[in-house]
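S.K.: Residue numbers (our numbering), protein chains in the order written: chain A, 385 to 731; chain B, 385 to 731.
There are 2 protein chains.
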Amino acid sequence: MKIVVDAMGGDFAPKVNVDGAIDALREFDDVSIILVGPQQQVEETIGAYADQRALEGVRERLTVVDAPEVITTEEHPVMALRRKKNSTFVVGMDLVRRKEAEAFVSAGSTGALMAGAMFKIGRIKGIDRPALATLLPVPGRPLLMVDAGANVDCKPSWIVQFAMMGSAYMNRVMNLEKPQVGLLNIGVEAAKGNEQVQQTYALMEKPQPFEFCGNIEARDALAGKCDVLATDGFAGNVLLKNTEGAISMLFSLLKEGLMGSTKGKVAALLAKDTFKTLKKSFDATEIGGAPLLGVEGAVIKAHGNSNARAIFCAIRQAKQVVDGGVVEVIREEVARLSTGAPEEEKA
Amino acid sequence: MKIVVDAMGGDFAPKVNVDGAIDALREFDDVSIILVGPQQQVEETIGAYADQRALEGVRERLTVVDAPEVITTEEHPVMALRRKKNSTFVVGMDLVRRKEAEAFVSAGSTGALMAGAMFKIGRIKGIDRPALATLLPVPGRPLLMVDAGANVDCKPSWIVQFAMMGSAYMNRVMNLEKPQVGLLNIGVEAAKGNEQVQQTYALMEKPQPFEFCGNIEARDALAGKCDVLATDGFAGNVLLKNTEGAISMLFSLLKEGLMGSTKGKVAALLAKDTFKTLKKSFDATEIGGAPLLGVEGAVIKAHGNSNARAIFCAIRQAKQVVDGGVVEVIREEVARLSTGAPEEEKA
Numbered sequence: 385m386k387i388v389v390d391a392m393g394g395d396f397a398p399k400v401n402v403d404g405a406i407d408a409l410r411e412f413d414d415v416s417i418i419l420v421g422p423q424q425q426v427e428e429t430i431g432a433y434a435d436q437r438a439l440e441g442v443r444e445r446l447t448v449v450d451a452p453e454v455i456t457t458e459e460h461p462v463m464a465l466r467r468k469k470n471s472t473f474v475v476g477m478d479l480v481r482r483k484e485a486e487a488f489v490s491a492g493s494t495g496a497l498m499a500g501a502m503f504k505i506g507r508i509k510g511i512d513r514p515a516l517a518t519l520l521p522v523p524g525r526p527l528l529m530v531d532a533g534a535n536v537d538c539k540p541s542w543i544v545q546f547a548m549m550g551s552a553y554m555n556r557v558m559n560l561e562k563p564q565v566g567l568l569n570i571g572v573e574a575a576k577g578n579e580q581v582q583q584t585y586a587l588m589e590k591p592q593p594f595e596f597c598g599n600i601e602a603r604d605a606l607a608g609k610c611d612v613l614a615t616d617g618f619a620g621n622v623l624l625k626n627t628e629g630a631i632s633m634l635f636s637l638l639k640e641g642l643m644g645s646t647k648g649k650v651a652a653l654l655a656k657d658t659f660k661t662l663k664k665s666f667d668a669t670e671i672g673g674a675p676l677l678g679v680e681g682a683v684i685k686a687h688g689n690s691n692a693r694a695i696f697c698a699i700r701q702a703k704q705v706v707d708g709g710v711v712e713v714i715r716e717e718v719a720r721l722s723t724g725a726p727e728e729e730k731a
Numbered sequence: 385m386k387i388v389v390d391a392m393g394g395d396f397a398p399k400v401n402v403d404g405a406i407d408a409l410r411e412f413d414d415v416s417i418i419l420v421g422p423q424q425q426v427e428e429t430i431g432a433y434a435d436q437r438a439l440e441g442v443r444e445r446l447t448v449v450d451a452p453e454v455i456t457t458e459e460h461p462v463m464a465l466r467r468k469k470n471s472t473f474v475v476g477m478d479l480v481r482r483k484e485a486e487a488f489v490s491a492g493s494t495g496a497l498m499a500g501a502m503f504k505i506g507r508i509k510g511i512d513r514p515a516l517a518t519l520l521p522v523p524g525r526p527l528l529m530v531d532a533g534a535n536v537d538c539k540p541s542w543i544v545q546f547a548m549m550g551s552a553y554m555n556r557v558m559n560l561e562k563p564q565v566g567l568l569n570i571g572v573e574a575a576k577g578n579e580q581v582q583q584t585y586a587l588m589e590k591p592q593p594f595e596f597c598g599n600i601e602a603r604d605a606l607a608g609k610c611d612v613l614a615t616d617g618f619a620g621n622v623l624l625k626n627t628e629g630a631i632s633m634l635f636s637l638l639k640e641g642l643m644g645s646t647k648g649k650v651a652a653l654l655a656k657d658t659f660k661t662l663k664k665s666f667d668a669t670e671i672g673g674a675p676l677l678g679v680e681g682a683v684i685k686a687h688g689n690s691n692a693r694a695i696f697c698a699i700r701q702a703k704q705v706v707d708g709g710v711v712e713v714i715r716e717e718v719a720r721l722s723t724g725a726p727e728e729e730k731a
């Protein structure tokens with residue numbers, strides 16, 4: 385399979401992007417990578433890969449396609465995509481649109497990635513809005529939250545589509561037989577929540593091509609009660625960012641508290657390994673990127689501060705999405721969704 | 385001042401409610417308390433107060449008003465209020481409505497408290513929706529979030545009112561000269577967020593009787609960037625409950641991690657005090673209850689699992705709201721809000 389990697393996305397491009405791509409080629413024999421970026425700069429970066437001898441087996445599976453323009457995170461996504469026809473986003477996504485590659489990976493602008501995927505690669509027929517999914521590092525039971533911030537104003541039927549797409553991902557990529565799908569709400573009872581979420585609940589209860597397990601309170605979102613958490617992108621983003629903020633606050637308070645006494649300092653020293661392991665379990669690097677679900681290709685958004693390992697993980701994730709046929713499953717199952725339309729009610 | 389305390393609200397009623405009320409009377413000379421609940425049961429509980437000699441100075445400031453019916457958290461609030469005319473909520477709030485008391489404190493049903501306050505005590509003129517405020521234990525800078533879950537579907541102008549009421553509370557109860565008010569959003573830029581929050585931002589930017597400091601991301605909500613966080617009750621409740629969930633998850637992971645090795649066990653032992661202090665700083669008991677802002681009286685919702693200390697703190701908080709004249713400030717400032725109405729635009 386062919387995976388396009390944006391050589392210029394993220395804070396440490398192009399070095400970590402090129403390194404991560406080569407690492408992936410060394411690991412996966414069946415993968416070819418197309419790096420999109422300024423030709424000369426990318427070629428030079430490949431030339432600077434630490435272990436040049438390792439390139440021997442993989443160089444023939446690595447192509448560079450010239451894309452001299454870069455879209456920054458400060459630019460208006462749609463305007464930038466229109467103006468910069470030679471940007472890594474436009475050139476790279478055109479390759480996917482023309483079926484010359486199956487996947488696109490970028491650590492660049494989230495907005496440009498989403499708008500580009502929507503307009504260049506195109507939605508899967510029947511899907512109203514592609515959604516950004518994020519794996520939350522819930523201990524023992526990773527949780528896929530859809531949508532994590534791409535769609536801030538949602539119709540209930542879109543959230544049902546998010547649920548189906550998230551279920552398809554967890555089934556095909558994480559190998560869960562029957563992923564349990566919860567709906568983010570402020571209480572467990574069916575009558576709880578705002579209008580949008582109540583209407584979504586009513587739709588979710590109909591026969592759907594996924595397993596609905598009811599409302600999930602934000603308090604329980606990190607408690608391993610479901611595999612997919614469906615939500616609009618506003619509440620989803622609040623939950624995601626707040627979790628990061630709460631964890632970071634607690635770690636710094638803990639450090640501050642321990643450093644205030646000799647006993648505490650000794651404790652901190654002895655607990656160092658535990659703290660490290662714990663911090664690592666919340667590290668986005670190993671989790672990979674956020675898949676954009678609902679478009680005609682595997683699209684992965686890697687963290688802006690990705691290192692080579694994070695880029696490698698995002699490429700591995702793209703491969704899993706392609707191998708698992710996630711796009712094909714979504715294409716099939718969108719037709720099986722109960723939309724709550726009047727014809728359905730009579731049936 | 386006279387404060388009504390619901391003797392039957394919460395998991396450990398009436399004992400902790402009566403104990404907390406007596407403790408408050410011993411502490412505050414200028415407070416009288418009216419306990420509402422089944423007369424005989426409440427009288428007996430008073431008789432069982434541990435230190436009967438301590439009652440001598442306070443017994444004359446403690447009245448019991450008979451309210452034999454109790455509204456549970458399982459009941460539909462509005463229906464229950466209508467049916468149970470002799471419930472603690474109806475009897476107690478009628479006392480506030482008739483100006484026979486200034487405040488009402490309950491650890492019972494949140495729904496009944498809100499509905500009762502709205503229909504029995506009544507809104508402050510000009511306030512569209514009373515809001516539930518919650519103090520988040522941000523280290524060094526407590527954060528008042530309004531609304532914390534009372535209003536799940538909001539108009540932008542309501543959120544502006546929440547902001548003003550939160551600012552009045554932080555000014556009069558927490559003694560902050562110019563509380564900084566942030567708007568919960570998924571990015572800091574003015575154009576970020578869903579439609580509701582964008583419209584709210586536009587209103588907030590107009591001259592208002594509070595200091596607007598812009599959008600606050602959920603990641604920064606716990607980082608001490610503002611004093612009041614204005615939001616609709618759905619997102620607010622997600623943030624509140626998720627914070628509780630994240631902290632509890634992290635503590636249990638930490639415990640699990642440390643208990644896995646001898647070194648860790650020693651560390652846990654040495655760090656015991658720090659853990660205790662840290663846990664206490666997140667303990668709702670000391671923070672008091674959640675004030676319901678926007679009604680014609682001081683109304684405090686104490687936690688359902690309140691102990692006597694928590695009830696005491698909620699009563700102290702009610703006293704602070706009355707002493708600070710929060711209701712009067714809100715009454716005055718509601719007229720000064722910019723509503724974005726056309727007349728205003730022309731000015």
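The beta-carbon is built from N, C-alpha and C at its ideal position, and this holds for glycine as well.
Starting from B/L465, follow the alpha helix (DSSP H) in both directions and report where the run begins and ends.
M.R.: Unbroken alpha helix (DSSP H) run through B/L465: 461 to 467.
S.K.: Any chance the region 624 to 634 of chain B sits against the region 622 to 641 of chain A, with 3 or more Cβ pairs inside 8 Å?
M.R.: Contact between the region 624 to 634 of chain B and the region 622 to 641 of chain A is present, because at least three Cβ pairs lie under 8 Å.
S.K.: Taking a Cβ distance cut-off of 8 Å, strictly less, list which residues of the region 538 to 554 of chain A are near chain B, in chain order.
M.R.: For the region 538 to 554 of chain A, which is checked against every Cβ of chain B, not one residue is closer than 8 Å.
S.K.: Using 9 Å as the threshold, is the C-beta distance between A/V581 and A/L567 below it?
M.R.: Yes. Within cutoff.
S.K.: So, is A/L653 buried or exposed, given that buried needs 16 or more other C-beta atoms within 10 angstroms?
M.R.: By the 10 Å Cβ count, A/L653 comes out exposed.
S.K.: Would you mind listing the beta strand (DSSP E) stretches within the region 463 to 507 of chain A that are 3+ residues and don't spill past its ends, in chain order?
M.R.: Listed in chain order, they are 487 to 490.
S.K.: B/E729: buried (16+ other C-beta within 10 angstroms of its C-beta) or exposed?
M.R.: Because B/E729 carries a pLDDT of 44, less than 50, the predicted location of this residue cannot be relied on, and no value is offered for it.
S.K.: Mark B/T661 as exposed unless 16 or more other C-beta atoms lie within 10 angstroms of its C-beta, in which case mark it buried.
M.R.: Exposed.
S.K.: Compare the beta carbon distance of A/V557 and A/G620 with 9 Å and say whether it is the shorter of the two.
M.R.: In this structure, A/G620 does not lie closer than 9 Å to A/V557 by Cβ.
S.K.: Chain B partners of A/D604, CB-CB under 7 Å?
M.R.: Result: G629.
S.K.: Excluding five sequence neighbours on each side, which residues of the same chain lie with their C-beta closer than 7 Å to the C-beta of A/P593?
M.R.: Within the same chain, A/P593 has close Cβ partners M548, E717, R720, L721.
S.K.: At a CB-CB cut-off below 9 Å, which residues of chain A make contact with B/A651?
M.R.: Residues of chain A passing the Cβ test: V650, A651, A652, L653, L654, A655, K656, T658.
S.K.: Across which residues does DSSP place A/K663 in a beta bridge pair?
M.R.: In DSSP, A/K663 forms no bridge with anything.
S.K.: Apply the 10 Å Cβ neighbour rule to A/M643 and answer buried if 16 or more other Cβ atoms are within range, or exposed otherwise.
M.R.: Result: exposed.
S.K.: Whose C-beta lies closer than 7 Å to the C-beta of A/A485 among residues of the same chain, with five residues either side of it excluded?
M.R.: Excluding sequence neighbours, A/A485 sits near K386, I387, V388, I418, L479.
S.K.: Is the number of C-beta pairs between the region 421 to 441 of chain A and the region 456 to 468 of chain A that are closer than 8 Å three or more?
M.R.: These segments do not touch.
S.K.: Can you tell me whether DSSP reads B/V536 as helix, strand or coil?
M.R.: B/V536 falls in the coil class under three-state DSSP.
S.K.: 9 Å is my cut-off, CB to CB: does B/G644 come that close to chain A?
M.R.: So yes, B/G644 belongs to the interface.
S.K.: Would you verify that the beta carbon of B/S493 is, or is not, closer than 9 Å to some beta carbon of chain A?
M.R.: So, not an interface residue.
S.K.: Note the first and the last residue of the continuous beta strand (DSSP E) segment covering B/C610.
M.R.: Note, B/C610: premise wrong, no beta strand (DSSP E); not H, not E.
S.K.: Keeping to the same chain, check which residues put their C-beta closer than 7 Å to that of B/L376; ignore five residues upstream and five downstream.
M.R.: It is not possible to answer for residue 376 of chain B, since the shown part of chain B is limited to 385 through 731.
S.K.: Could one say the Cβ of B/N559 lies closer than 9 Å to chain A's Cβ atoms, at least one of them?
M.R.: No, B/N559 does not count as interfacial toward chain A.
S.K.: At least one CB of chain A closer than 9 Å to the CB of B/L439: is that the case?
M.R.: No, B/L439 does not count as interfacial toward chain A.
S.K.: Quick check: is the beta carbon of B/E601 nearer than 9 Å to any beta carbon in chain A?
M.R.: Yes, B/E601 counts as interfacial toward chain A.
S.K.: Quick one: which chain A residues come within Cβ less than 8 Å of B/I331?
M.R.: Because chain B spans 385 through 731 in this model, residue 331 of chain B falls outside it and cannot be assessed.
S.K.: Under the three-state reduction of DSSP, which class applies to B/E727: helix, strand or coil?
M.R.: Its pLDDT being 46, under 50, B/E727 is placed unreliably by the model, and nothing is read from it.
S.K.: Let's test the definition: count the other Cβ atoms within 10 Å of the Cβ of A/Q424 and tell me whether it reaches 16, buried, or not, exposed.
M.R.: Exposed, by the Cβ-count rule.
S.K.: Would you identify the three-state DSSP class for B/I600, choosing helix, strand or coil?
M.R.: Of the three classes helix, strand and coil, the one that applies to B/I600 here is strand, per DSSP.
S.K.: Give me whichever residues DSSP pairs with A/G566 in a beta bridge.
M.R.: In DSSP, A/G566 forms a bridge with A/L613.
S.K.: Given a threshold of 16 other Cβ atoms within 10 Å of its Cβ, counted over all protein chains shown, does A/E727 qualify as buried or as exposed?
M.R.: Legend: pLDDT at A/E727 = 46, less than 50; position of this residue unreliable, no value from coordinates given.
S.K.: For A/A731, count neighbouring C-beta atoms within 10 Å of its own C-beta (all shown protein chains included) and say buried if the count is 16 or more, exposed if not.
M.R.: Bear in mind that a pLDDT of 38 at A/A731, under 50, signals an unreliable position, so the model cannot answer this.
S.K.: Determine whether the beta carbon atoms of A/C610 and A/L519 lie at a separation below 9 Å.
M.R.: No, these two residues do not count as a Cβ contact at 9 Å.
S.K.: Can you pull the chain A residues whose beta carbon is under 7 Å from the beta carbon of B/N578, in chain order?
M.R.: Chain A residues near B/N578: V536, D537, F618.
S.K.: Is it true that the CB of B/G550 sits closer than 9 Å to the CB of B/P540?
M.R.: Their beta carbons are not under 9 Å apart, which means B/P540 does not touch B/G550 by this criterion.
S.K.: Using the Cα positions of A/M588 and A/A702, report the straight-line distance between them to the nearest angstrom.
M.R.: Rounded to whole angstroms, A/M588 to A/A702 spans 28 Å at the Cα level.
S.K.: Once DSSP output is grouped into helix, strand and coil, what is the label at B/G421?
M.R.: Note: B/G421 maps to strand in three-state DSSP.
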